[in-house]
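Undergrad:
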Amino acid sequence: MREAGSINDSMISAIATIGACERAIEALDPNSRNQVNRLAAANEAAEKLFGQADVLDELASQATAQQVEDLRKRAARARAAARRQERAAAEIEESLDTDDDERDRAIRLAARQGMAEALDEAEAIQNAIAAFGGGYSTSDGGGGMPREMTAQEKIELAMRVMRSPRLKLIAEMCGRFTRIAMSVQKSRVSHPPSEITSITIGNDLAHLLPSEVALLGDPDLEDLFYLRFAERRLLQYELEGRESEGRGPIILALDESGSMSEPLGGVVKEAWSKSVMLGLMAIARRQKRDLAVIHFSGPNQLRTSIFPKGESAPLGLMDAVEFFFGGGTVFEPWMEEAVQLVDQDQFDRADVIVVSDGLASISARTEAEWWKRKAERKMRCYGVLIGMEYGAEALDRISDAVMTLDDLKQDLDVLETIFAIGGNDHAADERNL
Amino acid sequence: MATMETIENSDIATDAIADGTQALQHDAYDVQEFDRAVETYQRLAVAVSSAGEKLRTAPALIRDLFWSFHKRAPRINENVALKPAFAVNRRILEEIMSAAE
Numbered sequence: 003m004r005e006a007g008s009i010n011d012s013m014i015s016a017i018a019t020i021g022a023c024e025r026a027i028e029a030l031d032p033n034s035r036n037q038v039n040r041l042a043a044a045n046e047a048a049e050k051l052f053g054q055a056d057v058l059d060e061l062a063s064q065a066t067a068q069q070v071e072d073l074r075k076r077a078a079r080a081r082a083a084a085r086r087q088e089r090a091a092a093e094i095e096e097s098l099d100t101d102d103d104e105r106d107r108a109i110r111l112a113a114r115q116g117m118a119e120a121l122d123e124a125e126a127i128q129n130a131i132a133a134f135g136g137g138y139s140t141s142d143g144g145g146g147m148p149r150e151m152t153a154q155e156k157i158e159l160a161m162r163v164m165r166s167p168r169l170k171l172i173a174e175m176c177g178r179f180t181r182i183a184m185s186v187q188k189s190r191v192s193h194p195p196s197e198i199t200s201i202t203i204g205n206d207l208a209h210l211l212p213s214e215v216a217l218l219g220d221p222d223l224e225d226l227f228y229l230r231f232a233e234r235r236l237l238q239y240e241l242e243g244r245e246s247e248g249r250g251p252i253i254l255a256l257d258e259s260g261s262m263s264e265p266l267g268g269v270v271k272e273a274w275s276k277s278v279m280l281g282l283m284a285i286a287r288r289q290k291r292d293l294a295v296i297h298f299s300g301p302n303q304l305r306t307s308i309f310p311k312g313e314s315a316p317l318g319l320m321d322a323v324e325f326f327f328g329g330g331t332v333f334e335p336w337m338e339e340a341v342q343l344v345d346q347d348q349f350d351r352a353d354v355i356v357v358s359d360g361l362a363s364i365s366a367r368t369e370a371e372w373w374k375r376k377a378e379r380k381m382r383c384y385g386v387l388i389g390m391e392y393g394a395e396a397l398d399r400i401s402d403a404v405m406t407l408d409d410l411k412q413d414l415d416v417l418e419t420i421f422a423i424g425g426n427d428h429a430a431d432e433r434n435l
Numbered sequence: 023m024a025t026m027e028t029i030e031n032s033d034i035a036t037d038a039i040a041d042g043t044q045a046l047q048h049d050a051y052d053v054q055e056f057d058r059a060v061e062t063y064q065r066l067a068v069a070v071s072s073a074g075e076k077l078r079t080a081p082a083l084i085r086d087l088f089w090s091f092h093k094r095a096p097r098i099n100e101n102v103a104l105k106p107a108f109a110v111n112r113r114i115l116e117e118i119m120s121a122a123e
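Same order as they appear, the protein sequences are chains A and B. So in this note's numbering, the last spot in the first sequence is 435, and the numbers never skip. So in this note's numbering, the last spot in the second sequence is 123, and the numbers never skip.
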């Protein structure tokens, strides 16, 4: 439990405490419980009576002569009653077996069970905090910059996740997706090291200090160069690359037709697509890029959530993740919405990614308008088709590339491609052309 | 802004609990952390009160348990003279701490 993060975390500690304590008390046999209660009650009563006796004595010392005798008598009675309680407590204490191995074993087993349940809950909450609170930040710069959540926000988030199996599942999946997203972004060296930050040792010929290269010019020192080269001890510049911020925005269109709630390869398609959304959000947050998520389904079923710079309050993000239409599949409305978005400065040159499990057709008018705006606004579109080939042709006609997935458990290649798209730097690409 | 009066009138714990009810080593900060947790997490407050109805020593046990999870290096206080009724708490705590390892 402590390894799961209870140290200095009041919420996880509280969950662990409740789990362990409830089970341990249940495991305590009724007789022991009764004796402990009687013992505690007798101790408390004795303490109280002794206290009363002291107060009565104190009052007697300040009372008139007529009152003194009565007060002293009452104090003595209280003390006598206190002693009776003490004797009763001593008898109970004697009968209470403090070294009962069987009882201790039962408590230990019960507490283990309670803690195992608490651990599951704590892990689910930690997943949720990481997924919806902008977490999955690592020291190597991955996963966005989480802000510290208040205790109240954590509680609300935890309560909501524990009530919703869907959110719990997506929070669980999100960790893997975000790690893949961050790893893809990290491995994309679009900004090669160019700035000298320090001097280090190694054998990178391109970055050697001139004084080291000069060794080659002197036959007496040439061998020293080779020795240092072999031992990787030549002085060289340490270079760092700088990643530009403010890359292009991302528009993610999510198919929320009823069929998306079905599993493919043991993974629910909707949960997979929402995890992609959270992975893209981590990229957007890290690169300070605007992200729009268009939920679409039937003819009048369209909802757009905008996340400026990939930021969102946890509960707002949970709203977007939990939202699901469950209707049919019509592409035109989301395409029109995407076109309207790219017309705004905020989504100029956006990368549009659409995740769907199939469509029927796209009208010629919408398709023509799409291509016109696509060229004008320099937007790119990528399609992800889950589970079927049906609609691949139509999706292909509106996309720069289409990826298909037959098994959501075998999704690594597709995820790496999606998250690489999510890291496109159009300005850099144009410079390279 | 806190004045002397508000500080004096507040319920902030300024000392450890030394009445023979707590088996775990702790200080005033730990008491404050627990009190804050009870204020913040309703489930913990409910657990304190409902467990207390079943076992009179349970509130003290819950405090000890909370510290055993929350503190970096929790240790049972071998020197404290626990009240007789609370000796069972120490046994329960020992079992749970050994189970948690």
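From the three backbone atoms N, C-alpha and C, an ideal C-beta is built for every residue, glycine too. If you're wondering where the values come from, they're calculated on a predicted model, not measured in any experiment.
Looking at the secondary structure, which residues open and close the beta strand (DSSP E) in which A:Phe-309 lies?
TA: Looking at the DSSP string, the run of the beta strand (DSSP E) that includes A:Phe-309 is 304-309.
Undergrad: For A:Arg-433, I'd like the list of residues in its chain whose CB is within less than 6 Å of its CB, leaving aside the five on either flank, ordered along the chain.
TA: Reliability of the predicted coordinates at A:Arg-433 is poor, the pLDDT of 46 falling under 50, and the value obtained from them is presented with this limitation in mind. Around A:Arg-433: no qualifying Cβ.
Undergrad: In angstroms, rounded to a whole number, what distance separates the CA positions of A:Ser-8 and A:Val-404?
TA: Rounded to the nearest angstrom, the two C-alpha atoms are 45 Å apart.
Undergrad: Since B:Ser-120 meets chain A, which of its residues come closer than 8 Å, beta carbon to beta carbon?
TA: Under the 8 Å cutoff, chain A gives Arg-110.
Undergrad: Excluding sequence positions up to five away, which residues of its chain have a Cβ less than 7 Å from the Cβ of A:Arg-230?
TA: Closer than 7 Å at Cβ, skipping near neighbours: Leu-236.
Undergrad: Identify whether B:His-48 lies in helix, strand or coil by the three-state DSSP scheme.
TA: Three-state DSSP puts B:His-48 in coil, outside helix and strand.
Undergrad: Does A:Met-117 come within less than 8 Å of chain D when only Cβ atoms are used?
TA: In summary, chain D is missing from the structure at hand, where the protein chains are A and B.
Undergrad: Which residues of chain B have a Cβ atom closer than 8 Å to the Cβ of A:Val-38, listed in chain order?
TA: Residues of chain B passing the Cβ test: Leu-77, Arg-78, Thr-79, Ala-107, Val-110.
Undergrad: Does any residue of chain B have a CB that is nearer than 8 Å to the CB of A:Asp-56?
TA: So no, A:Asp-56 is outside the interface.
Undergrad: Does A:Leu-159 have its Cβ less than 8 Å from a Cβ in chain B?
TA: Output row for A:Leu-159: interface = no.
Undergrad: Quick check: what's the CA-CA separation for A:Gly-21 versus A:Leu-159?
TA: When rounded, the distance between both Cα atoms is 20 Å.
Undergrad: Assuming A:Ser-259 and A:Thr-331 are in contact, meaning their beta carbons sit under 8 Å apart, how far apart are those beta carbons, in whole angstroms?
TA: 4 Å between Cβ atoms; contact.
Undergrad: Secondary structure at A:Ala-294, three-state DSSP: helix, strand or coil?
TA: Of the three classes helix, strand and coil, the one that applies to A:Ala-294 here is strand, per DSSP.
Undergrad: Mind checking which residues open and close the alpha helix (DSSP H) that includes A:Ser-358?
TA: Segment 353-358 is the beta strand (DSSP E) holding A:Ser-358; no alpha helix (DSSP H) there.
Undergrad: Does A:Asp-353 get closer than 8 Å to chain B when you measure Cβ to Cβ?
TA: Taking Cβ atoms only, chain B never reaches closer than 8 Å to A:Asp-353, which makes this a no.
Undergrad: Name the two residues that bound the continuous alpha helix (DSSP H) containing A:Glu-364.
TA: For the record, residue 364 of chain A in the displayed sequence is Ile; it is not Glu. No alpha helix (DSSP H) contains A:Ile-364, which DSSP labels as neither H nor E.
Undergrad: Spatial neighbours of B:Leu-77 within its chain, please: CB distance less than 8 Å, with the 5 preceding and 5 following residues excluded, ordered by chain position.
TA: Hits under 8 Å: Leu-83.
Undergrad: Please report the residue range of the beta strand (DSSP E) in which A:Arg-382 lies.
TA: Looking at the DSSP string, the run of the beta strand (DSSP E) that includes A:Arg-382 is 382-388.
Undergrad: Look at the alpha carbon of A:His-297 and the alpha carbon of A:Leu-361, and state the distance between them as a whole number of angstroms.
TA: Their backbone Cα atoms lie some 15 Å apart in a straight line.
Undergrad: When DSSP labels each residue in this structure, what does A:Pro-316 get in the three-state scheme?
TA: Three-state result, A:Pro-316: helix.
Undergrad: Taking the alpha carbon of A:Glu-125 as the reference point, which residue from A:Ile-253, A:Leu-266, A:Ile-14, A:Arg-288 has its own alpha carbon closest?
TA: Minimum Cα distance to A:Glu-125 is reached at A:Ile-14.
Undergrad: Between which residues of its own chain and A:Gln-37 is the CB-CB distance below 7 Å, once the five residues before and five after are set aside?
TA: If we look at A:Gln-37 and ignore the five residues flanking it on each side, its Cβ neighbours are Ile-94, Ser-97, Leu-98.
Undergrad: Can you check whether the C-beta of A:Ser-277 is within less than 8 Å of a C-beta belonging to chain B?
TA: Answer no: the Cβ-Cβ gap between A:Ser-277 and chain B never drops below 8 Å.
Undergrad: Am I right that A:Thr-19 and B:Phe-91 are in contact with their C-beta atoms under 8 Å? What's the rounded C-beta distance?
TA: Indeed, because the Cβ distance is near 6 Å, the residues count as touching under 8 Å.
Undergrad: Establish whether the CB of B:Ile-98 and some CB of chain A are separated by less than 8 Å.
TA: For B:Ile-98, the answer is no, since every Cβ of chain A falls outside 8 Å of its Cβ.
Undergrad: Could you check if A:Ala-370 is buried or exposed, using at least 16 other CB atoms within 10 Å of its CB as the buried criterion?
TA: The residue in question, A:Ala-370, is exposed, as its Cβ has fewer than 16 Cβ neighbours within 10 Å.
Undergrad: So what does DSSP say about B:Ile-34, is it helix, strand or coil?
TA: The answer is coil: DSSP assigns B:Ile-34 none of H, G, I, E or B.
Undergrad: Can you tell me whether A:Gly-204 is helix, strand or coil according to DSSP?
TA: A:Gly-204 falls in the strand class under three-state DSSP.
Undergrad: Near B:Lys-105, which residues of its chain fall below 7 Å by C-beta distance, leaving aside the five closest residues on each side in sequence?
TA: Excluding positions up to five away in sequence, the list reads Gly-42, Thr-43.
Undergrad: Are the region 345-353 of chain A and the region 312-323 of chain A in contact at 8 Å, needing three or more beta carbon pairs?
TA: Because the criterion of three Cβ pairs below 8 Å is not met, the region 345-353 of chain A and the region 312-323 of chain A do not touch.
Undergrad: With DSSP collapsed to three states, give me the class of B:Ser-120.
TA: Here B:Ser-120 sits in helix by DSSP.
Undergrad: For a contact meaning CB atoms closer than 9 Å, what does A:Lys-125 contact in chain B?
TA: Reading off the sequence, residue 125 of chain A comes out as Glu, not Lys. Simply none; closest approach about 15 Å.
Undergrad: By Cβ distance below 6 Å, which residues in the same chain neighbour A:Ala-77 in space, the five residues on each side in sequence not counted?
TA: Same-chain partners within the cutoff: Ala-55, Leu-58, Asp-59.
Undergrad: What first and last residue would you give for the beta strand (DSSP E) that runs through A:Leu-30?
TA: Element bounds for A:Leu-30: n/a, residue is neither H nor E.
Undergrad: Answer with yes or no whether the minimum CB distance from B:Ala-40 to chain A is below 8 Å.
TA: Chain A, which has no Cβ nearer than 8 Å to the Cβ of B:Ala-40, makes this no.
Undergrad: For a contact defined as C-beta to C-beta under 8 Å, what are the partners of A:Glu-24 on chain B?
TA: Correct list: Ala-69, Ala-73.
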